[in-house]
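> Start counting the sequence shown at 3; every next residue gets the next number (our numbering).
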Amino acid sequence: MEADIFVLMAGAVSIAFVHTLLGPDHYLPFVALAKARAWSLRKTGIVTTVCGLGHAVGSIALGFVGVYFGGEISRLMAIEGMRGDWAAWGLIAFGLIYFAWGMRRAHKSKTHTHDHAHADGEIHSHSHTHFGAHAHPHVADDGSVDLKSMAAMTPWALFIIFVLGPCEPLIPLMMFPGAEGAFMGVVMVIGAFTFTTIATMLGVVFIGYKGLEFVSLKPLARYTHAIAGATVSLCGVAITFGL
């Protein structure tokens, strides 16, 4: 059985790596939002790690239910598929909301000019935006969400979506040693899969984060939040429609 466990662990590492690499939803949202929100590399890594753990926890819990209560793999995988749909639509919804907020912010941050006439007849103008000193850390009177409120919500929204998101290949890998009563084997497979998933997420996010440092987005600076929202939403679309 020990030899089988090591084979399963090797399989878990390979599958987790490929599964993560082929799923842009595992890293693109973090890269896009880190750029838009000007997160430090440390904060980006923490958010990515916590979301990666949340991503695995739901499937681990479901897998243990199957292992110890005799659940059928087909039924468990159906539940995983349903969770996957929820997560995909969650990404779409969050991305669209963030995109709309980003577009509104881009519009308000557009520099415009006002002319002022003095009593002596002198006329002068000044340029400004509706952000900076005009921004307040609460919900505005028109019901829109401001910069600080959205900043606080973003990591939590991502975490909730990733908790819903399934690690589909993990459950079958757990079921085999579980069926043999090898509890430590289940733990070792989970550890190998989870570690590889998070390490791959962090690696790709790091490459994307550093890569964007060499890309000048100055002409699109006002639209970075909208672009981030569109990126997150498109990840959800890709999952939903198998693109």
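Glycine included, each C-beta is placed from N, C-alpha and C at the ideal position.
Quick caveat: nothing in here was measured; it's all calculated off a predicted structure.
#1: In chain order, which continuous runs of the alpha helix (DSSP H) of length 4 or greater are located wholly inside the segment 40–107?
#2: Over what stretch of residues does the alpha helix (DSSP H) that includes L236 continue unbroken?
#3: In whole angstroms, what is the alpha-carbon distance linking L93 and T46?
#4: Have a look at V165 and H109 and give me their C-alpha separation to the nearest angstrom.
#5: Is the beta carbon of C169 sitting closer than 9 Å to the one on G13?
#6: For R77, count neighbouring Cβ atoms within 10 angstroms of its own Cβ and tell me buried if that reaches 16, exposed if not.
#7: Quick one: give me the first and last residue of the alpha helix (DSSP H) that F216 is part of.
#8: Are the beta-carbon atoms belonging to F178 and L10 less than 9 Å from one another?
#9: Measure how close the beta-carbons of F32 and A228 come, nearest whole angstrom, since I'm counting them as under 8 Å.
#10: Can you tell me whether DSSP reads A223 as helix, strand or coil?
Taking the geometry as given:
#1: 43–71
#2: Annotation: the continuous alpha helix (DSSP H) that includes L236 extends over 226–243.
#3: Near 18 Å, if we compare the C-alpha coordinates of T46 and L93.
#4: 33 Å
#5: no
#6: exposed
#7: It is not in any alpha helix (DSSP H) - F216 carries neither H nor E in the DSSP assignment.
#8: yes
#9: In fact, because the Cβ distance is near 17 Å, the residues do not count as touching under 8 Å.
#10: helix
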